[in-house]
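Quick note on my numbering: the sequence shown kicks off at 14 and runs consecutively. Glycine included, each C-beta is placed from N, C-alpha and C at the ideal position.
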Amino acid sequence: MFAPVQETVVTKAIFKHFFNHLNEVTASDVLVAGGGPAGLVSARLLAQKGYRVTIIERNNYLGGGMWIGGYLMNKATMRAPANEMLEELGIPHVEEAPGLFVADTPHFASRLILSACEAGVRFLNMTVIEDVVVKHNRVEGLVINWTPVHMLPKMITCLDPVVLQSKLVIDATGHDATIVRFLAKRKLMEFKGMGPLWIEGSEDAIVEQTGQVYDGLITTGMAVSETLGLPRMGPTFGAMLLSGKKAADIALNLLKT
Numbered sequence: 014m015f016a017p018v019q020e021t022v023v024t025k026a027i028f029k030h031f032f033n034h035l036n037e038v039t040a041s042d043v044l045v046a047g048g049g050p051a052g053l054v055s056a057r058l059l060a061q062k063g064y065r066v067t068i069i070e071r072n073n074y075l076g077g078g079m080w081i082g083g084y085l086m087n088k089a090t091m092r093a094p095a096n097e098m099l100e101e102l103g104i105p106h107v108e109e110a111p112g113l114f115v116a117d118t119p120h121f122a123s124r125l126i127l128s129a130c131e132a133g134v135r136f137l138n139m140t141v142i143e144d145v146v147v148k149h150n151r152v153e154g155l156v157i158n159w160t161p162v163h164m165l166p167k168m169i170t171c172l173d174p175v176v177l178q179s180k181l182v183i184d185a186t187g188h189d190a191t192i193v194r195f196l197a198k199r200k201l202m203e204f205k206g207m208g209p210l211w212i213e214g215s216e217d218a219i220v221e222q223t224g225q226v227y228d229g230l231i232t233t234g235m236a237v238s239e240t241l242g243l244p245r246m247g248p249t250f251g252a253m254l255l256s257g258k259k260a261a262d263i264a265l266n267l268l269k270t
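See the structure below:
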């Protein structure tokens, strides 16, 4: 039934293609930290414009919190005009109330991932960000290691990381705001932490204030809320999509200068 193949050929194929891939992503135009909805949207739009984009994801899966909605229920709510992106991506949805749309999260997450893959986005999952590269007060890359390294006993975790270079970095790590926290820890920028929940105020503010927070670093999605002290968004996802789009637009302008 199946073609005959030696086990070592299977192993060599995995090694060859993965390490070729790893070699390619050492230099990207844009590194996107976090493979959730905001990161996937921004990465897809940038890749569609011909830029080399790599998403760094610490988990073994992509999609972030999109796989499940509020209270462990797999339905996602979005407010207009986020439904326009659902229509663009061909994600089925219904209008439950004027301006409020509901979609199945497995379909939503799968379509976001597929669209990023089709655009040519490259991925490094099971990869944790250990630090950020800053030269002349500008972010120019990320320091990475295998996620499993951080699961080892502390006495044997003295494994040096490696570095990926880029022209821009987008922090799409959600509530962790990983890249921003690295800079704030070194007193290079301020970090306020997220405020209490307010759906309408949060979604508008997240999109409006998506932008470059440090030279070479753009925040998107919930990383914007955490960085600037904006209200918590709650179980709606529209701001993730539109914030990701705005982050891509900002990145495009910066890459052209």
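On the CB-based measure, 16 or more other CB atoms within 10 Å of its CB, does Y227 come out buried or exposed?
Sequence index remark: in the sequence shown, residue 227 carries index 214 (1-based). The residue in question, Y227, is buried, as its Cβ has 16 or more Cβ neighbours within 10 Å.
Answer yes if the region 225-242 comes into contact with the region 58-74, meaning at least three C-beta pairs across the two stretches below 8 Å, and no otherwise.
no
Alpha carbon of R92 to alpha carbon of L113, nearest angstrom
Counting from one through the sequence shown, the residue named residue 92 turns up at place 79. Counting from one through the sequence shown, the residue named residue 113 turns up at place 100. For R92 and L113, the distance between alpha carbons rounds to 5 Å.
Would you mind sorting L255 into buried or exposed? The rule is 16 or more other CB atoms within 10 Å of its CB.
Here the question's residue 255 lines up with position 242 in the sequence shown. Buried.
With a threshold of 16 other CB atoms inside 10 Å of the CB of P357, please say whether the residue is buried or exposed.
Absent from the structure is residue 357, since the part of the chain shown begins at 14 and ends at 270.
Applying the criterion that 16 or more other CB atoms from any shown protein chain within 10 Å of the CB defines a buried residue, is I27 buried or exposed?
Mapped onto the sequence shown, residue 27 falls at position 14. The residue in question, I27, is exposed, as its Cβ has fewer than 16 Cβ neighbours within 10 Å.
For L137 and L75, the rounded distance between their alpha carbons:
Looking up residue 75 in the sequence shown gives position 62. Looking up residue 137 in the sequence shown gives position 124. Approximately 10 Å between the Cα atoms of the pair.
List the DSSP bridge partners of V175.
Numbered from 1 along the sequence shown, position 162 holds the residue referred to as residue 175. V175 pairs with I157.
Under the DSSP definition of a beta bridge, which residues are partnered with E37?
As a first step, residue 37 must be located in the sequence shown, where it is residue number 24. For E37, which the question treats as bridged, DSSP gives no partner whatsoever.
Compute the distance between the beta-carbons of L155 and V141, then report whether it is under 8 Å.
Within the sequence shown, residue 155 is the residue found at index 142, counting from 1. Within the sequence shown, residue 141 is the residue found at index 128, counting from 1. Result no, Cβ atoms of L155 and V141 do not sit closer than 8 Å.
Quick check on N266 - is its C-beta less than 8 Å from some C-beta in chain C?
The structure shown contains no chain C; it holds only a single protein chain.
From K148 to R199, what does the alpha carbon distance come to, in whole angstroms?
On the sequence shown, position 135 is the one that residue 148 refers to. On the sequence shown, position 186 is the one that residue 199 refers to. Their Cα atoms are separated by approximately 14 Å.
Assign M284 to buried or exposed, taking buried as 16 or more other Cβ atoms, counted over all protein chains shown, within 10 Å of its Cβ.
Residue 284 is absent from the structure shown; the chain starts at 14 and stops at 270.
Let me check understanding here. Comparing Cα to Cα, which of L35, E143, S41, P50 lies closest to A185?
What you label residue 185 is simply residue 172 of the sequence shown in a count that begins at 1. Nearest of L35, E143, S41, P50 to A185, Cα basis: P50.
Report yes if the CB atom of A46 is closer than 8 Å to the CB atom of V182, and no otherwise.
In the sequence shown, counting from the first residue as 1, residue 46 sits at position 33. In the sequence shown, counting from the first residue as 1, residue 182 sits at position 169. In contact: A46 and V182 (Cβ atoms closer than 8 Å).
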